[in-house]
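Numbering-wise (numbering that gives the first Met the number 0), the sequence shown opens with residue 0 and increments by one. Cβ atoms here follow ideal geometry from the backbone N, Cα and C, with glycine treated the same way. Report on one structure; see the data block that follows.
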Amino acid sequence: MHSLVFIKQVPDAAQVRVDYETGTLIREGVPAIINPFDAHAIEAAVQIKDKFGGSVSVLCMGPPMAEEALKKALAMGADNAFLLSDRVFAGSDTLATSYALWAGAQKVIQEVGPVDIFWAGKQAIDGDTAQTGPGIATRFDIPLVTYAVEVKEVDPSAKKIKIVRLLEDGTETVEVPMPCMITTEETLNHIRFAPLPYLIKAAKTPVVLLNSSNTTIDASQCGLKNSPTKVKKAFTPPKRERGEMIEGGLDEIVSVVYEKIEPMLKQLGRV
Numbered sequence: 000m001h002s003l004v005f006i007k008q009v010p011d012a013a014q015v016r017v018d019y020e021t022g023t024l025i026r027e028g029v030p031a032i033i034n035p036f037d038a039h040a041i042e043a044a045v046q047i048k049d050k051f052g053g054s055v056s057v058l059c060m061g062p063p064m065a066e067e068a069l070k071k072a073l074a075m076g077a078d079n080a081f082l083l084s085d086r087v088f089a090g091s092d093t094l095a096t097s098y099a100l101w102a103g104a105q106k107v108i109q110e111v112g113p114v115d116i117f118w119a120g121k122q123a124i125d126g127d128t129a130q131t132g133p134g135i136a137t138r139f140d141i142p143l144v145t146y147a148v149e150v151k152e153v154d155p156s157a158k159k160i161k162i163v164r165l166l167e168d169g170t171e172t173v174e175v176p177m178p179c180m181i182t183t184e185e186t187l188n189h190i191r192f193a194p195l196p197y198l199i200k201a202a203k204t205p206v207v208l209l210n211s212s213n214t215t216i217d218a219s220q221c222g223l224k225n226s227p228t229k230v231k232k233a234f235t236p237p238k239r240e241r242g243e244m245i246e247g248g249l250d251e252i253v254s255v256v257y258e259k260i261e262p263m264l265k266q267l268g269r270v
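This is the structure we're talking about:
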């Protein structure tokens, strides 16, 4: 079985700051990490490889420094790493990004072989759009399972996989044919420490560079000027007032709550 995991290198959210004059994120000097949701996608793919055999490829779109994230993915157990890097991709929104990754994935398929399962984190912590994985699945016209919290069953011979996915009010178990796209939650698995053989292999495995010249990517569909979505400003949400805890019996609590909301109810003409 061949899994292809789409990953993104992101700034460590705990250390990101906002430039209040420009409304943009300050990324300089902030350590970069593999998007946490993507790391769980890698772990899921490697666990399936360990059980059923096959290989795991990873594809990342980003600047040259994103090679570091791919090396970490190799240390986690991936077999092949591809970096999609080109100036024409700079500033791409999710529509342009999903297009570029879709085209890049076709190059991976050409180099490594057909993909059974495409994986991606449910969203990137620096954008939180949750649109890239579904966008890639749409372009491939394959089944999509979002917010995966458990890999229930994999049947390589029947080319089917059963996934438990998170819903707003619970979970849902779905079975889909392969190839398919699965986007992952952090609760899907526990990431294992990289064993020494994986670390040695990661050091020896080269990262393959992909760009607009050695793929079928149409540069007119990528980059900031070709992205229909524009981010005007990024800002830190204002702090909310601390909530008040009310203790006592039910009647006492109801009385206190009513006393606090009565002025608002009067303004609304409800009392």
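Backbone secondary structure at residue i - three-state DSSP
i	result
G248	coil
S2	strand
G53	coil
D18	strand
V207	strand
T183	strand
F117	strand
I47	helix
I304	A query on residue 304 cannot be resolved here, the shown segment of the chain reaching from 0 to 270 and no further.
I260	helix
I124	coil
I190	coil
R138	helix
I216	coil
P133	helix
V253	helix
V270	coil
Residue(s) in a DSSP beta bridge with residue i
i	result
D154	K159
M60	L83
I33	Q8
V144	I181
R164	A147, E171
P176	K159
I25	R16
Burial state of residue i, where buried means 16 or more other Cβ atoms lie within 10 Å
i	result
L82	buried
N213	exposed
V256	exposed
M75	buried
G242	exposed
H189	exposed
K223	According to the sequence displayed, residue 223 carries Leu and not Lys. Result: exposed.
K50	exposed
Q122	buried
D217	exposed
D168	exposed
L195	exposed
F192	exposed
I260	exposed
G52	exposed
G103	buried
S156	exposed
Sequence-distant residues of the same chain with beta carbon closer than 6 Å to residue i, five excluded per side
i	result
T235	V17
V55	S2, A44, V45, K48, A77, D78
T228	D92
P142	V175, C179
L264	V270
A206	First, the residue type needs correcting, since residue 206 is Val and not Ala in the sequence shown. Excluding residues within five positions, the ones whose Cβ falls inside 6 Å are E66, L69, A80, L82.
S97	T131, G134, I135
C221	V87, F88, S91, A95, A99
Q105	none
A201	K70, L73, A74
Sequence-distant residues of its chain with Cβ nearer than 7 Å to residue i (five each side left out)
i	result
V148	V163, R164, L165, T170, E184, T186, L187
V29	P10, D11, Q14, V15
W101	I135, R138, F139
V107	L3, S56, L58, F81
Y146	K121, R164, L165, T182, E184
I252	I245
Rounded distance between the beta-carbons of residue j and residue i, thought under 8 Å
i	j	result
T93	G134	6 Å
M0	A31	That pair is no contact at about 30 Å.
F5	G112	Actually they do not touch by this definition, with Cβ atoms about 17 Å apart.
I116	I41	With a Cβ gap of about 12 Å, I116 and I41 do not count as contacting.
S219	N210	Wrong, their Cβ atoms sit about 15 Å apart, outside the cutoff.
K161	M177	With a Cβ gap of about 11 Å, K161 and M177 do not count as contacting.
The ligand NAP heavy atom lying under 6 Å from the CB of residue i
i	result
L166	Because no ligand of any kind appears in the structure shown, any question about the ligand NAP cannot be addressed here.
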